[in-house]
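Heads up: the structure comes next, in structure tokens.
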Amino acid sequence: MALDMTTEQREIVGMVRDFVEREIIPVAHQLDHDDVYPDAIVKQMKELGFFGFAISERYGGAGLDYSTYAMVCEEIARGWMSITGIINTHFIVSYLIEQFGTDEQKERFLRRMATGEYHGGFSMSEPGAGSDVQAIQTRAIRDNGEYVINGTKMWATNGDHSTVVATLVKTDPDARPPHRGMSCILAEKQYPGFFSSRKIEKLGYKGVETTELVFEDNRQPAANLLGGVEGQGFKQMMAAIEVGRVNVAARGVGVAQRAFELSIEYAQERQAFGQPIANFEAIQFKLADMATKIEAARLLTNFAARKKDAGERADVECGMAKLFATETCFEAVQEAMRVHGGYGFSKEYQVERLYRDAPMLVIGEGTNEIQRLIIAKGLLERYKLKS
Ligand SMILES: Cc1cc2nc3c(=O)[nH]c(=O)nc-3n(C[C@H](O)[C@H](O)[C@H](O)COP(=O)(O)OP(=O)(O)OC[C@H]3O[C@@H](n4cnc5c(N)ncnc54)[C@H](O)[C@@H]3O)c2cc1C
Numbered sequence: 000m001a002l003d004m005t006t007e008q009r010e011i012v013g014m015v016r017d018f019v020e021r022e023i024i025p026v027a028h029q030l031d032h033d034d035v036y037p038d039a040i041v042k043q044m045k046e047l048g049f050f051g052f053a054i055s056e057r058y059g060g061a062g063l064d065y066s067t068y069a070m071v072c073e074e075i076a077r078g079w080m081s082i083t084g085i086i087n088t089h090f091i092v093s094y095l096i097e098q099f100g101t102d103e104q105k106e107r108f109l110r111r112m113a114t115g116e117y118h119g120g121f122s123m124s125e126p127g128a129g130s131d132v133q134a135i136q137t138r139a140i141r142d143n144g145e146y147v148i149n150g151t152k153m154w155a156t157n158g159d160h161s162t163v164v165a166t167l168v169k170t171d172p173d174a175r176p177p178h179r180g181m182s183c184i185l186a187e188k189q190y191p192g193f194f195s196s197r198k199i200e201k202l203g204y205k206g207v208e209t210t211e212l213v214f215e216d217n218r219q220p221a222a223n224l225l226g227g228v229e230g231q232g233f234k235q236m237m238a239a240i241e242v243g244r245v246n247v248a249a250r251g252v253g254v255a256q257r258a259f260e261l262s263i264e265y266a267q268e269r270q271a272f273g274q275p276i277a278n279f280e281a282i283q284f285k286l287a288d289m290a291t292k293i294e295a296a297r298l299l300t301n302f303a304a305r306k307k308d309a310g311e312r313a314d315v316e317c318g319m320a321k322l323f324a325t326e327t328c329f330e331a332v333q334e335a336m337r338v339h340g341g342y343g344f345s346k347e348y349q350v351e352r353l354y355r356d357a358p359m360l361v362i363g364e365g366t367n368e369i370q371r372l373i374i375a376k377g378l379l380e381r382y383k384l385k386s
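Below, the structure is given as structure tokens:
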């Protein structure tokens with residue numbers, strides 16, 4: 000790996016790598032094919048403090064910066080991408096609370112999240128609104144000391160296992176532009192009328208559930224309005240999703256890295272025309288292109304994470320990292336399948352799983368078409384001509 004690491008980063012990444020080699024890689028293939036939630040892995044992750052990685056020490060977490068978090072996500076995704084999905088929404092929510100929550104919300108949620116007692120979920124998307132976030136319909140009406148919420152959310156990763164779901168709702172449907180009437184509610188499952196109604200069957204990204212969420216006259220305490228002020232939800236969510244984009248970019252690097260490792264190993268073992276296929280230039284070029292793009296994706300992901308760590312606006316950098324790393328991954332898994340020939344198409348080989356996992360990355364956390372729009376908008380602002 001091309002990154003310079005501090006001693007602390009080396010230790011944490013090494014610990015995670017050992018865990019992945021020992022506990023995740025040997026079982027990932029079977030759990031994926033059976034589409035089973037990895038309860039035993041999650042239990043150990045709790046014990047080892049994984050759920051506190053990106054939460055401040057003040058609230059019982061490890062206080063990792065996002066650069067280290069990205070390195071950790073890469074290692075986990077190298078073993079099984081679905082495990083990075085389990086922690087992704089968790090740390091999007093912890094970021095939301097640390098950045099924008101009231102002191103009372105920080106005390107109430109973060110300590111429980113750091114131990115893994117509480118799992119965070121993140122919900123913006125709806126059946127009729129994904130890229131067009133401002134078109135959401137879920138409505139929250141304040142009634143005395145509570146919000147009454149009605150609506151349906153879609154594509155909620157960890158929809159069943161999450162305890163608290165940061166949910167984007169409309170508190171003022173007449174606001175113009177619409178985002179000014181949006182708020183984020185830390186919706187807790189303990190209050191009746193909020194439930195996961197069905198699991199969505201997916202091509203890949205198995206084991207971690209993605210569900211529809213329903214709010215039916217659900218009452219959440221007004222104290223669960225993130226930051227205590229209405230109308231801030233859209234901005235809060237957009238800042239938090241950058242944390243998700245760092246995670247997804249790092250996942251792209253991890254899955255691509257695994258595809259590369261499996262390919263270079265296979266290429267030296269597989270014989271054709273009396274020699275290992277690694278002797279053929281056509282195969283060597285694939286390996287060279289994969290490795291080059293993976294290193295570039297890793298550097299770009301690190302660059303974006305460091306920008307987020309600096310507390311600066313990082314929409315362009317996170318967008319670039321997410322775009323490049325996930326497209327690299329998408330390409331790498333296809334190349335890995337070609338290197339494996341017919342065996343790449345067999346369910347007995349790991350490459351088949353990587354091939355089914357990668358497409359999710361170009362869609363989740365904002366499609367790559369939307370990333371290009373974000374990058375271009377940011378660049379046009381930065382390079383605006385002075386009139
Ligand atoms: C496995 C999985 C897990 C997910 N987990 C979560 C989650 O935990 N929480 C959550 O809130 N969401 C989640 N999502 C939802 C995800 O964020 C959306 O799927 C994504 O934002 C795209 O929205 P959409 O599916 O409605 O597609 P649409 O917005 O309908 O887009 C369809 C196509 O049109 C393109 N398009 C749309 N608008 C434009 C435009 N202005 N310019 C150019 N092209 C455009 C898109 O790029 C895409 O190619 C998840 C999705 C998946 C697949």
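Take 0 as the starting number for the sequence shown in numbering that gives the first Met the number 0 and just add one per residue.
The C-beta atom is built at its ideal place from N, Cα and C for all residues, glycine as well.
These numbers come from a predicted model, not from an experiment.
Cβ-Cβ separation, residue j to residue i (assumed contact under 8 Å), whole Å
{"i": "Val242", "j": "Lys307", "result": "7 Å"}
{"i": "Arg110", "j": "Glu74", "result": "26 Å between Cβ atoms; not a contact."}
{"i": "Ile24", "j": "Gly84", "result": "With a Cβ gap of about 17 Å, Ile24 and Gly84 do not count as contacting."}
{"i": "Thr151", "j": "Glu125", "result": "6 Å"}
{"i": "Ile11", "j": "Ile40", "result": "In fact, because the Cβ distance is near 18 Å, the residues do not count as touching under 8 Å."}
{"i": "Arg250", "j": "Cys72", "result": "6 Å"}
{"i": "Glu106", "j": "Ala221", "result": "With a Cβ gap of about 17 Å, Glu106 and Ala221 do not count as contacting."}
{"i": "Val245", "j": "Tyr68", "result": "7 Å"}
{"i": "Asp356", "j": "Gly203", "result": "4 Å"}
{"i": "Val254", "j": "Cys317", "result": "About 18 Å; that fails the 8 Å criterion."}
{"i": "Lys169", "j": "Thr137", "result": "7 Å"}
{"i": "Gly192", "j": "Asn217", "result": "4 Å"}
{"i": "Asp314", "j": "Ile373", "result": "6 Å"}
{"i": "Ala296", "j": "Val252", "result": "5 Å"}
{"i": "Gln219", "j": "Tyr190", "result": "6 Å"}
{"i": "Asn301", "j": "Glu326", "result": "Going by Cβ atoms, the distance from Asn301 to Glu326 rounds to 17 Å, so no, they are not a contact pair."}
Residues bridged to residue i [DSSP beta-bridge criterion]
{"i": "Lys169", "result": "Arg138 and Met181"}
{"i": "Thr388", "result": "Any answer about residue 388 is impossible in this case: the structure gives the chain only from 0 up to 386."}
{"i": "Pro275", "result": "Gln270"}
{"i": "Gly54", "result": "One detail in the question is off: residue 54 reads as Ile in this sequence, not Gly. Bridge partners of Ile54: none, in fact."}
{"i": "Arg218", "result": "Val147"}
{"i": "Ala128", "result": "Glu125"}
{"i": "Glu187", "result": "Val163"}
{"i": "Leu224", "result": "Ile184"}
The alpha helix (DSSP H) enclosing residue i, as first and last residue numbers
{"i": "Val92", "result": "Met80 to Phe99"}
{"i": "Arg110", "result": "Arg110 to Thr114"}
{"i": "Ser262", "result": "Gly232 to Glu268"}
{"i": "Glu380", "result": "Asn367 to Arg381"}
{"i": "Ala27", "result": "Ile24 to Asp33"}
{"i": "Glu10", "result": "Thr6 to Phe18"}
{"i": "Asp38", "result": "Asp38 to Glu46"}
Other residues of its chain near residue i: CB distance less than 6 Å, five sequence neighbours each side excluded
{"i": "Ser196", "result": "Glu211 and Val213"}
{"i": "Gly227", "result": "Thr101"}
{"i": "Ile140", "result": "Val147"}
{"i": "Lys455", "result": "No answer is possible for residue 455: it lies beyond the span of the chain, which begins at 0 and ends at 386."}
{"i": "Asp64", "result": "Asp308"}
{"i": "Glu7", "result": "none"}
{"i": "Gly120", "result": "Thr88, Ala155, Asn157, Ser161 and Val164"}
{"i": "Pro37", "result": "Leu30 and Gly206"}
{"i": "Tyr342", "result": "Tyr348"}
Beta-carbon proximity list for residue i, same chain, < 8 Å, skipping 5 on both sides
{"i": "Phe259", "result": "Leu286, Met289, Ala290, Ile293, Ala331 and Ala335"}
{"i": "Pro275", "result": "Ala266, Gln267, Glu268 and Arg269"}
{"i": "Gly59", "result": "Gly51, Leu109, Arg110, Ala113 and Thr114"}
{"i": "Ala198", "result": "Just to set this straight, residue 198 is Lys in the shown sequence, not Ala. Taken in chain order, the residues that qualify are Gly158, Asp159, Glu208, Thr209 and Thr210."}
{"i": "Met4", "result": "Val12 and Met70"}
Where the beta strand (DSSP E) through residue i begins and ends
{"i": "Gly119", "result": "Gly119 to Ser122"}
{"i": "Lys198", "result": "Phe193 to Lys198"}
Residues of its chain near residue i, where Cβ-Cβ distance is below 7 Å and the 5 sequence neighbours each way are ignored
{"i": "Leu299", "result": "Met319, Ala320, Phe323 and Ala324"}
{"i": "Leu261", "result": "Ala335, Gln349 and Val350"}
{"i": "Ala35", "result": "Position check: residue 35 holds Val in this sequence, whereas Ala was assumed. For Val35, where only same-chain residues beyond five positions count, the Cβ hits under 7 Å are Gly206."}
{"i": "Met236", "result": "Met123, Leu167 and Cys183"}
{"i": "Thr162", "result": "Tyr117, His118, Glu187 and Lys188"}
{"i": "Pro177", "result": "Gln133"}
{"i": "Leu95", "result": "Ala165, Cys183, Leu225, Gln235 and Ala239"}
{"i": "Arg257", "result": "Arg77 and Leu353"}
{"i": "Ala61", "result": "Gly48, Gly51 and Phe52"}
{"i": "Glu364", "result": "Ile240, Gly243, Arg244, Val247 and Lys321"}
{"i": "Val19", "result": "Glu74, Ile75, Arg77 and Gly78"}
Any chain C beta carbon closer than 8 Å to residue i
{"i": "Ala313", "result": "Here there is only one protein chain, and chain C is not present."}
**Q.** Segments of 4+ residues assigned as alpha helix (DSSP H) that fall wholly inside the region 298–364
**A.** DSSP runs (the alpha helix (DSSP H)) wholly in the region 298–364: 314–338 and 349–362.
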